[in-house]
Each structure stands twice: as structure tokens, then as C-alpha cells.
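Here the structure comes first, spelled out in C-alpha cells, and everything after it is commentary.
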């Protein structure tokens, strides 16, 4: 038996079924007209933002990293709740613009920005988080050509990292950002070249559950930003401190102690180095804002036994849930939180393997999991599906197409 | 320094550039109008089929597993070259039908076929590779309802496996197929229920480079099929022996010895068990037919150094090449065969990391690889990109969109 991960709080049971936003899973599927279906909960999104606002010092803004969930309805819902948006491509810029996000609220990071992407961003007035000398030169040249000063911050590759993070984005040689020691020269040359100087972006890692690690990284980020700002000599209009706040996916994962992070950050902010005294501050969160607000629902298509092992074969799979299948950024597969949505809260009476419909042994949703007895037609729920699910999976694989998505 | 995998034969150099189908990489990109670009070579596809026809006994047909590369132009090119098509979804059925493939040449495997998929396949006259008792019942009921006898083969979960295969599809409990000991009863009940009996499908694994392993598996498949056919008592119109032929991706990989496989198979076929004397035989290949015929071309957007390490940042990445990035079905990342396409054959003079444009450390194309010096604007080629590339990658991730694809 392999345990499943912890189901996020905030979900309820109605009539023996998982309910999201006050509606039963089967009702939501009926509304969508089909499975598989991603359901994202407005109330969960709101609750998470409220927790953050309560825990963090008021001076620290919250940016939404659109890559985590670029569904237009989600972006639109976030618009009045967050202070800014971080994008990673001109595709994401177009999504934000279509939703009506003011480009002045948007910053654009990414190590391989094409010229046409730089141009779209500069023309719109988006802040570029500049990743290299070469990108800086290209941005200035494009700005000259189109007659608009590019708004530029520098993304710093710090020499420290976010300890215990799922994805390390700093520490040593990296394709992201500019090595800290090269930042002052680059900043001065960009400013001299006509850029509107926007400050610094220091992203140290993601998906950390340790408050201590985040507190340490944030302290290091502030210190580094202050040193760099002094060396640059033009102030730091804005400091994007990165993100890194993780969510529990797996058995044994403990939620991040947000109150401790917020308390430590408030203390830091109350004693900011002089160089940053006038700086706007923000953190950048994607997964932490939307991950636990999403549930992936798929239907049991077959129930079969092979050599005494029970398989629930669903119409879902890794083409929508690559990370949950264990094939994206993980070495050892562990079970995401999951449940039989149509028998929610019922006693677990058997051990089953929940698999997807793809013809590959990689397509697993829950291995050797204890579940109530389910039959063909039952709905399976995979939780923590709000971030890097629908948009970070190989949708075209085997021709089953995309899942439906709805915000409730 | 980490070596890159072996570049497949059949590619040439024209004017210092990689050429595919007689055209330089830069010419192909100009034709496509953009990078990233998948280029698939007709002559490589033709050459591979010719090798197979020469090596395999004439009695053994070749099916193309559409999932490996579902580009309509590729399916259309394969139509006159292969004997049948294997599909994994009604989406793939629609692709084949749009190209004009006779449904009588198509068989459909997949552990989670939905009712609407079964109906589309039965209505079209496609052979279902039935994966469970439940699916068999559903197929008969749908056949009754639409007044058409379903054409049914049974996919067998054998008790043996293809040794050394990248993906094991048999051996022990599996979500795929019907345990061998349950096959005779199911077959008889399907036949009694009005199905048109089409025989057996026994798939033991994929991506094996050992001729011995394939020879052994094929022998076991024939023996098992003969036993089952005797027990069923209705002959075996067709035996799909599965695939499993691998291609070299990584340093040290040796190509499959096709001649040995063909010789052994010819011997087996010359001495078939009586139960299979009248059976049509086929193998089912995807990756082996198209994998080495494809090249992924992307452009260097930035060249940067971080702590003395050179990064070539491209406009490509794992959103098109998930497997090459090391994030799909592999535990230890190794380098796919890759090269600077616009300096093809030039001497390697430096060690570089070739990365994609996505803002994640997972997005790597070649680590610590020896390459000729490349600049912004150069093209990078990743080989072995013909199978499970464009269609098996998270295209929507970070909003950069799909790559272009062309058959030349």
C-alpha cells in the first residue's frame, strides 16, 4: 500500500460526493458536459490570497506567475486580487492583454526571449527582467527602433540558493539571469543606453516547504539587492524577491508555515537597508496561489483485475497531469492526493491502481492506493491540480485532446 | 564533458550545414518561416521500411503505430509503405480517416477506450484490440445498438516480458490487455456474442536494442498465441506480435541487429505451430519507423556565460522535446544526439550547455556537450526527434506554442 498525498483543506462533501465551490463533482461534470475536467475554485483562490495578505507585511506586493495557470478566467479572477503579473512569453502577454491586465503591472522573465517578444513587451510597456548582456543590447536596439524606452529590471543569478526547493534557480552557473558580479556594470550601461530602470528580480527557487529556508533566502535576497543597488548607484525602483512558497503534494509533506515567513519578512522590511528604503517590494507566486485550488476529475472507464491487482482505468491521464503521473521533475514517483470523488469520505476497502487511458506504463495517477470500492462511471479526483496541470502536460499525446477547464 | 548520443546515419553536410532531404537546415527553416521546426525525412522513412522489408520474412506485415508521429503528412506517406495502422484513440482514428486510410487496415489498442470511441471504431470497421471483459461487453452492446458486428481481437497480457526494453508492457499485473489465462473464455464469449473474431495482439515492450531479447520475446509470443488459439478453438485470423524495436538515443547505444531478428523470425515463421498455420502475422512499430527520420531545429537566441559556463539559450525546449530534456520516462538525464546544424561537421572547440527558452531548470537539450563555437542566430539540431517529440511534449507550457513541422 502506498499512501496518497494530503488533500488540501477547503473541500467538502455533499451527498457523499466531493464538492467544489458548493457543487458536487458529478454536477460540475454535467455542467462541463464531459470528463476529464479541471475545476478551479474561486473561494480557494480568494482564501489563499487572504491568508497571504494577513501574513505578509503590507509593503510586500504579490505577483501572480501566470505560467502556473494561464486559463483566462483564472487570470481575470486574479486581476483585482494581486498587485502584478509575471509572464514568461509573449503568448502569456497576449493572454493578459486579452483579459485587460494593465501592461504596467506585468513583468516578463525568461532566458530565451525572442526579438518579437521583446518588441511586443517594450511596445506594451511591460517590464523586462533582463537575463543577459545580449538581451539588454537587443532590448535597447528594439526600443530605439520603435521609439520607446524599454522598462528594464535585471534578473540576478545569485550565488546562494533556496535550500530544499524543488527547483533550484540560483547558486552557481545557471542559464537564468545575470551573475551577481556582472549586474552593476550591466545596469549602468542599460541606464546609460536609455532604459527606464525598474530594479532587480532575484529568484532563488521554487516549491519549498521550509519556512526557515524561505526566510533565509529572503534575507539573502534583500542583502544582495541592497549591495547591488549601492553598486549601481541609481536606486532600486522595485525588488521582485522571487517566490518559492511550496504546497504539500506528497505523504508527509507539511504545509509551509506562512505566519513565520510573514513575521520574519515584516521584521526585515521594518529594517530595510538604506539602499532599498524607497523600493517597492514584491514576491512572485504561481503554484502557491493556484495549486491547491484545482481538482482534476476523470471518469472510471474500466475496472479490471490483472494477476489479482485491481486497476481503475480512467479517461484521464498524463496527457493532462504529467506531474501527477510522476514524469515531470521527479525521480521517484509518489502519489498525489487523490480520491474517488463520487464516494468521497467513504471508507477505503481495497487497494487499487488508478491509471490513465494512455497506452503506456508511465500513465499512472495513483499506485497501490487505499480507496472505497469504485465502479465504471465513478469519478476520480486528483487534487493539487491547479498549477502546472492542464498547461504543463503533453495534451496531444495519443490524440485524446485537452481536458475541459472551469472556474467555479 | 558529457558525450551526446549517436547521430543517425543518412544525414549529410551541404555548405557546412546539416542537410535533410538535400536541403540545408537554414533553407528548411526559411521555407517553414520560423523556428523551432521539426523536419521529417521521406527518404529516411523509405530507407527504414526498405531495411525492414529486406530483413523480415515476407509473411510478416508491418503496422505503423500512429502515436509515434501522428502528423497527417507522415501518416499519408506511410499509407502505401506499411500494411496496417495501429491507433490509440478516436482522435488518431479521425486523423487516419482524414488521410484516407482504409479502416479495415486499422486496429485500435488502449486500456481506456470510451464508449464513443468504441462506437466510432466499430462503425468504421476498425479492429478493436480488446483490453478487458468489460470493454468486450461494451463493444458487443454498442455493436448490437448500431447493427454492426464489432471486429475484435484480444490484447493479451503475457506472463513474460521483453527483456531490456525501455517500456515493459507485459509480465505480471498490468493495466494493458487481458491476463493470458482469461483469454480463451473471453474470446469464446465474444465470438458467441456476435463479434467478428480477429485474433490476438501480444505487446511485450518497446525500445529494446537487443536482438536476442526481441528474438526471445517473438518466440514466446508465437508459442503463447498458438496455445491460446488452440484453447479458443476458432483459429487466429491475425496475430499482431507487437513491436519493441528500439533506436539508439544515447552514447554507447548500439543499433538493433535487424538482420539477426529477421533471420530468427523467418525461421520461426517457417515452422509455425499448426494453430497459427493460417494466421496473418504482423509486427507493430512506431519509434523504429519514424524516430531517426526526424530532426528538431531551434535557433540560438542568446549566448551567455555564468560562472565560466557557456550557455546557448535557444527558442526551443522541453515544450517540444520533453523526452530529449530528460523528463519523460528516464531517471538519469543523458544527451540525445545533437549538433550545431549551421556549423555541421566543424570541429568541437568548446563545452556548452544547450538549453531551451523556458524558465525552468528542467529545460535542457544538451549538457556539457562538446560543440563548435556557436553564436546567436545559429541553428541547433536535436536528432531522433521523429517519434514522441512534437506530439508527446507539453506544447502549451509557458505559452510559446507549437513548433512547425514539415516532411521533406
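Chains as they are written, first to last, in the numbering used here: chain A, 130 to 537; chain B, 130 to 537.
C-beta atoms are modelled at their ideal positions from N, C-alpha and C, and glycine is treated no differently.
Burial is judged here by how many other beta carbons sit within 10 angstroms of a residue's own beta carbon; residue 274 (chain B) has fewer than 16 and is exposed. Within the region 187-256 of chain A, the complete beta strand (DSSP E) runs of at least 3 residues fall at 189-194, 213-216, 235-237.
Looking at A:358, A:322, A:527, A:306, the one whose alpha-carbon comes closest to that of residue 194 (chain B) is A:527.
Between residue 262 (chain A) and the set A:531, A:312, A:443, A:176, the nearest pair of CA atoms involves A:312. For the region 408-436 of chain A, the set of positions with a beta-carbon nearer than 7 Å to some beta-carbon of chain B reads 430, 431, 432, 433, 435, 436 in chain order. Sequence-distant Cβ neighbours of residue 427 (chain A) in its own chain, meaning closer than 6 Å and more than five residues away, are 164, 165, 443, 444, 445, 509.
By a beta-carbon distance limit of 8 Å, residue 536 (chain B) contacts residue 171 (chain B). Their separation comes to about 6 Å. As a beta-bridge residue in DSSP terms, residue 439 (chain B) pairs with B:434, B:481.
Contact annotation for residue 382 (chain B) against chain A: no contact, minimum CB-CB distance about 20 Å [criterion: below 8 Å].
Between residue 291 (chain B) and residue 342 (chain B), the CB-CB gap stays under 8 Å. Non-local C-beta neighbours of residue 414 (chain A) in its own chain, meaning closer than 6 Å and more than five positions away in sequence, comprise 372, 374, ordered along the chain. With its beta carbon less than 8 Å from one in chain A, residue 521 (chain B) belongs to the interface. In the displayed model, residue 417 (chain A) falls within a helix according to three-state DSSP. Distance from the CA atom of residue 360 (chain A) to the CA atom of residue 376 (chain A), rounded to whole angstroms, is 36 Å. Proximity of the region 493-501 of chain B to the region 402-419 of chain B falls short of the contact definition, fewer than three beta-carbon pairs being nearer than 8 Å. Your pair residue 302 (chain A) and residue 438 (chain B) checks out as a contact, with CB atoms roughly 4 Å apart and the cut at 8 Å.
Counting the other Cβ atoms within 10 Å of the Cβ of residue 363 (chain B) gives fewer than 16, which makes it exposed. Of the candidates B:389, B:450, B:189, the residue whose Cα lies closest to the Cα of residue 213 (chain B) is B:189. Nearest to residue 349 (chain A) by alpha-carbon distance, out of A:288, A:383, A:358, is A:288. Nearest Cα to residue 181 (chain A) within the set A:328, A:149, A:395: A:395. With its beta carbon at least 8 Å from every one in chain B, residue 479 (chain A) lies outside the interface.
Secondary structure note for residue 150 (chain A): it is in no beta strand (DSSP E), with a DSSP letter that is neither H nor E.
Residues of the region 445-468 of chain B whose Cβ lies closer than 7 Å to any Cβ of chain A, in chain order: 451, 456, 457, 458, 460.
Rounded to the nearest angstrom, the gap between the Cα atoms of residue 384 (chain A) and residue 345 (chain A) is 18 Å. Where residue 177 (chain B) is concerned, the enclosing alpha helix (DSSP H) starts and stops at 171-184. One Cα belongs to residue 255 (chain A), the other to residue 232 (chain A), and the distance between them is close to 5 Å. Of B:424, B:202, B:458, B:393, the smallest CA-CA separation from residue 512 (chain B) is found for B:424. DSSP links residue 488 (chain B) through a beta bridge to no other residue. Annotated three-state conformation of residue 503 (chain A) is coil, per DSSP. Neighbours of residue 161 (chain B) in chain A, taken as residues at a C-beta separation under 7 Å, are lacking, since the least C-beta distance is about 15 Å.
For residue 507 (chain B), no CB of chain A lies under 8 Å from its own CB, so it is not counted at the interface with that chain. Taking 8 Å as the Cβ-Cβ cut-off, the region 199-218 of chain B approaches chain A at 199, 216, 217, 218, given in chain order. Contact check for residue 503 (chain B) against residue 472 (chain B) passes: the beta carbons are separated by less than 8 Å.
Secondary structure of residue 374 (chain A) (DSSP, three-state): strand.
Annotation: the continuous beta strand (DSSP E) that includes residue 286 (chain B) extends over 280-286. In the three-state reduction of the DSSP assignment, residue 338 (chain B) falls in the coil class, being assigned neither a helical nor a strand state.
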